[in-house]
Amino acid sequence: MKKYNFNAGPSMLPREVIEKTAQQCLDFNGSGLSLMEISHRAKDFQPVVDEAVALVKELLNVPEGYSVIFLGGGASLEFCMIPYNFLIKKAAYLNTGVWAKKAMKEAKLFGEVVEVASSADANYTFIPKDWTVPADADYLHITTNNTIYGTEIRKDLDVPVRLIADMSSDIFSRPVDVAKYDAIYAGAQKNLAMAGVTIVIVKDDALGKAPREIPTMLDYRTHVDKGSMFNTPPVVPIYSALENLRWIKAQGGVEAMDKLAQQRAEIVYGEIDRNKMFVGTAKAEDRSLMNICFVMADEYKELEKDFLDFAVSKGMVGVKGHRSVGGFRASCYNAQTIEGCNALVACMKEFEANH
Ligand code: PLP
Numbered sequence: 001m002k003k004y005n006f007n008a009g010p011s012m013l014p015r016e017v018i019e020k021t022a023q024q025c026l027d028f029n030g031s032g033l034s035l036m037e038i039s040h041r042a043k044d045f046q047p048v049v050d051e052a053v054a055l056v057k058e059l060l061n062v063p064e065g066y067s068v069i070f071l072g073g074g075a076s077l078e079f080c081m082i083p084y085n086f087l088i089k090k091a092a093y094l095n096t097g098v099w100a101k102k103a104m105k106e107a108k109l110f111g112e113v114v115e116v117a118s119s120a121d122a123n124y125t126f127i128p129k130d131w132t133v134p135a136d137a138d139y140l141h142i143t144t145n146n147t148i149y150g151t152e153i154r155k156d157l158d159v160p161v162r163l164i165a166d167m168s169s170d171i172f173s174r175p176v177d178v179a180k181y182d183a184i185y186a187g188a189q190k191n192l193a194m195a196g197v198t199i200v201i202v203k204d205d206a207l208g209k210a211p212r213e214i215p216t217m218l219d220y221r222t223h224v225d226k227g228s229m230f231n232t233p234p235v236v237p238i239y240s241a242l243e244n245l246r247w248i249k250a251q252g253g254v255e256a257m258d259k260l261a262q263q264r265a266e267i268v269y270g271e272i273d274r275n276k277m278f279v280g281t282a283k284a285e286d287r288s289l290m291n292i293c294f295v296m297a298d299e300y301k302e303l304e305k306d307f308l309d310f311a312v313s314k315g316m317v318g319v320k321g322h323r324s325v326g327g328f329r330a331s332c333y334n335a336q337t338i339e340g341c342n343a344l345v346a347c348m349k350e351f352e353a354n355h
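Each residue of the sequence shown is one higher than the last, beginning at 1 in the UniProt record's numbering.
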């Protein structure tokens, strides 16, 4: 049976990205060695990093004065590296979900943290709109897509302080005005690559301002200066990122990804809104195009497990909601197909017809 992958991360990647990466794992550039076995200093590997960096800059139209680096440690390490490098006295955070909260927790180790707004009381079902950033904050941190609760900030905010964003689950799904940010980071395992690499886009002249000693590995300048080669980088994940960046470019870039994301979301949210058995959890205007969260309508609550079992029997993978929210989550990252969305919708319609 054909499987449709709605996993939240690690998640679906284009088949050709997986195949090309697998081929290089068997025989890197005809060298007779696996990509897993070569030195990251080998002359064939530097072009991989260089092309990946160049493609990130091209696809996101990254202005002069910014560096693109690949790191290990996941987005979770960035929760700590951001304040280590940018927090001087006070930082502002918009609390829109579990990941934002985790980022705030780390920042508190480095100085005062102001929560400018939070939707925690409403189980993070919306993005707070009315808030102000203290003028003396060193930066405002936002999480553009809330993977667990299915809300998203789809425009680049104008704020009077440095703007820093965790784009782990929506990077490369739309054009971004990078000039509005001093740093953007993302764990790769949703929209960019296999797990194991983190991408950071950082404004060079924003670095070096924090008045503290920073351990070498946690100092962004180390990695900027060494072009992501200060220590052994995650070689295979970076290669998979390169193949995926090439794929995104071949599809028409982030503009095409944005269009596709809107089409997919219309299909799936359209059915959630039409089907009497299901209800979307996020406020309509803040709905994520990446993580589509929904639950059974009150009168059908007892059928939740039945629907999950039915969906699995129809080849749907990973539609169970995050353990902290329950219900269902259909993650529709760049690689998700219209066919996959239609298959999910058919499954929802059939379940409705059966009850
Ligand atoms: N930020 C967001 C928005 C996420 O969705 C996740 C993981 O799902 C993380 C951060 C943590 O990423 P990592 O597991 O790479 O540390």
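For every residue, glycine included, the Cβ atom is placed at its ideal position computed from N, Cα and C.
Hey, is the region 87-107 in contact with the region 135-142, meaning 3+ C-beta pairs nearer than 8 Å? As far as the Cβ criterion goes, the region 87-107 touches the region 135-142, which means the pair count is three or higher.
Heavy atom of ligand 1 less than 7 Å from the Cβ of N145, yes or no? The residue given as residue 145 occupies position 145 in the sequence shown. At least one heavy atom of ligand 1 is nearer than 7 Å to the Cβ of N145, so yes.
Whose C-beta lies closer than 6 Å to the C-beta of A335 among residues of the same chain, with five residues either side of it excluded? Along the sequence shown, one-based indexing puts residue 335 at 335. Closer than 6 Å at the Cβ level, and outside the excluded window around A335, lie M12, L13, P14.
Between the Cα of T222 and those of N85, E37, P47, spot the shortest distance and give me the residue it belongs to. As a first step, residue 222 must be located in the sequence shown, where it is residue number 222. Of all alpha-carbon atoms in N85, E37, P47, the one lying nearest the alpha-carbon of T222 is that of N85.
C204 and K180: beta carbons closer than 8 Å? Position 204 of the sequence shown, counted from the first residue, corresponds to residue 204. Position 180 of the sequence shown, counted from the first residue, corresponds to residue 180. Correcting the residue type first, residue 204 is Asp in the shown sequence and not Cys. The answer is no: Cβ separation not under 8 Å.
In or out: E243 buried (at least 16 other Cβ within 10 Å) or exposed? For this step, residue 243 is matched to residue 243 along the sequence shown. E243 counts as buried, since at least 16 other C-beta atoms from the protein chains shown sit within 10 angstroms of its C-beta.
Please work out which residues of its chain come closer than 7 Å, Cβ to Cβ, to F79, disregarding the five sequence neighbours upstream and downstream, and give them in chain order. Looking up residue 79 in the sequence shown gives position 79. When the five nearest sequence neighbours on each side are left out, the beta carbons in the same chain lying within less than 7 Å of the beta carbon of F79 are those of K102, A103, E106, in order along the chain.
Taking all protein chains shown into account, do 16 or more other C-beta atoms lie within 10 angstroms of the C-beta of A122, making it buried, or fewer, making it exposed? As a position in the sequence shown, residue 122 is number 122, starting the count at 1. Exposed, since its Cβ has fewer than 16 Cβ neighbours within 10 Å.
Find the nearest neighbour of V236 within the set R274, P134, S324, V197, judged by alpha-carbon distance. Reading the sequence shown from its first residue, position 236 is the one you call residue 236. Out of R274, P134, S324, V197, V197 has the C-alpha closest to the C-alpha of V236.
Return yes when at least one heavy atom of ligand 1 lies under 7 Å from the C-beta of A75, else no. Start at 1 with the first residue of the sequence shown, and residue 75 comes out as number 75. Result yes, Cβ under 7 Å from ligand 1.
So, helix, strand or coil for R287, using DSSP? Position 287 of the sequence shown, counting from 1, holds the residue named residue 287. R287 falls in the strand class under three-state DSSP.
Simplified DSSP assignment, three categories, for L94: Along the sequence shown, read from residue 1 onward, the residue named residue 94 stands at position 94. Reduced to three states, the DSSP call for L94 is strand.
Can you tell me whether G340 is buried or exposed, with buried defined as 16 or more other CB within 10 angstroms of its CB? By one-based count along the sequence shown, residue 340 stands at place 340. Buried, by the Cβ-count rule.
Can you tell me whether L26 is buried or exposed, with buried defined as 16 or more other CB within 10 angstroms of its CB? Along the sequence shown, read from residue 1 onward, the residue named residue 26 stands at position 26. Exposed, because fewer than 16 other Cβ atoms sit within 10 Å of the Cβ of L26.
With a threshold of 8 Å on Cβ separation, who are the neighbours of V268 within its own chain once the five nearest residues in sequence on each side are excluded? Mapped onto the sequence shown, residue 268 falls at position 268. Excluding residues within five positions, the ones whose Cβ falls inside 8 Å are I292, A330, C332, C341, L344, V345.
Where does W131 land, buried or exposed, given buried means 16+ other C-beta within 10 angstroms? Position 131 of the sequence shown holds residue 131. The residue in question, W131, is exposed, as its Cβ has fewer than 16 Cβ neighbours within 10 Å.
Which residue's Cα is closest to the Cα of T96: M81, S118, E112? By one-based count along the sequence shown, residue 96 stands at place 96. Out of M81, S118, E112, the CA that lies nearest to the CA of T96 is found in S118.
Could you give the distance in angstroms between the alpha-carbon of I171 and the alpha-carbon of A42? On the sequence shown, residue 171 is found 171 positions in, with the first residue counted as 1. On the sequence shown, residue 42 is found 42 positions in, with the first residue counted as 1. Looking at the backbone, the Cα of I171 and that of A42 are separated by about 29 Å.
For K31, does the count of other Cβ atoms within 10 angstroms reach 16, so buried, or fall short, so exposed? Along the sequence shown, read from residue 1 onward, the residue named residue 31 stands at position 31. Note on identity: in this sequence residue 31 is Ser, with Lys being the wrong assignment. Exposed, by the Cβ-count rule.
Starting from the C-beta of D352, find all residues in its chain whose C-beta is less than 6 Å away, skip the five residues before and the five after it, and write them out in chain order. By 1-based counting over the sequence shown, the position of residue 352 is 352. It is worth fixing the name first, because residue 352 is Glu in this sequence and not Asp. Excluding sequence positions up to five before and after E352, its CB lies within less than 6 Å of the CB of N275, M277, all in the same chain and listed in chain order.
Less than 8 Å between the beta carbons of G9 and T125, yes or no? Locating residue 9 in the sequence shown gives position 9, where the first residue counts as 1. Locating residue 125 in the sequence shown gives position 125, where the first residue counts as 1. No, these two residues do not count as a Cβ contact at 8 Å.
Excluding sequence positions up to five away, which residues of its chain have a Cβ less than 6 Å from the Cβ of L289? For the purposes of this step, residue 289 is taken as residue 289 along the sequence shown, with counting starting at 1. Only A261, A265 meet the Cβ criterion.
Determine whether the beta carbon atoms of I338 and P211 lie at a separation below 8 Å. Translated into the one-based positions of the sequence shown, residue 338 becomes position 338. Translated into the one-based positions of the sequence shown, residue 211 becomes position 211. Cβ distance not < 8 Å, so I338 and P211 don't count as in contact.
At a cut-off of 7 Å, is S11 close to ligand 1 when judged by its beta-carbon and the heavy atoms of the ligand? The residue you call residue 11 lines up with position 11 of the sequence shown. Shortest gap from the CB of S11 to any heavy atom of ligand 1: 7 Å or more.
Tell me whether W99, by its Cβ, gets closer than 7 Å to a heavy atom of ligand 1. Along the sequence shown, one-based indexing puts residue 99 at 99. Flag set: Cβ of W99 near ligand 1.
Figure out for me which residue from V56, L71, F70 has the closest Cα to the Cα of E64. What you label residue 64 is simply residue 64 of the sequence shown in a count that begins at 1. Answer by Cα proximity: V56.
How big is the Cα-Cα spacing for K301 and F307? Against the sequence shown, residue 301 aligns to sequence position 301. Against the sequence shown, residue 307 aligns to sequence position 307. So the two alpha carbons sit approximately 10 Å from each other.
Option in V202, K320, Y239 with minimal Cα separation from residue 404: Since the first and last residues shown for the chain are 1 and 355, residue 404 lies out of range.
For R323, the nearest candidate out of E299, V295, A186, C347 (CA to CA): The residue given as residue 323 occupies position 323 in the sequence shown. The closest CA to that of R323, considering only E299, V295, A186, C347, is found on V295.
If you draw a straight line from the alpha carbon of Y185 to that of D177, how long is it in whole angstroms? For this step, residue 185 is matched to residue 185 along the sequence shown. For this step, residue 177 is matched to residue 177 along the sequence shown. Our two residues, Y185 and D177, have alpha carbons roughly 14 Å apart in a direct line.
Bridge partners - G280, DSSP secondary structure assignment: The residue given as residue 280 occupies position 280 in the sequence shown. Partner(s): F294.
Between the beta-carbon of S67 and the beta-carbon of V319, is there less than 8 Å? Taking the first residue of the sequence shown as 1, we reach residue 67 at position 67. Taking the first residue of the sequence shown as 1, we reach residue 319 at position 319. Contact annotation: S67 and V319 have beta-carbon atoms that are not nearer than 8 Å.
Taking 7 Å as the line, does the beta carbon of S169 fall inside it for any heavy atom of ligand 1? Translated into positions along the sequence shown, residue 169 becomes position 169. Under cutoff, so the answer is yes.
Local Cβ density within 10 Å of S313, reported as buried at 16 or more and exposed below that: Here residue 313 is taken as the residue at index 313 of the sequence shown, counted from 1. Answer is exposed; the Cβ neighbour count stays below 16.
Go ahead and pull the three-state DSSP assignment for R329. Here residue 329 refers to the residue found at position 329 when the sequence shown is read from its first residue. Annotated three-state conformation of R329 is strand, per DSSP.
From the beta carbon of L94, is the nearest beta carbon of chain D less than 8 Å away? Of the protein chains in the structure, only one exists, and it is not chain D.
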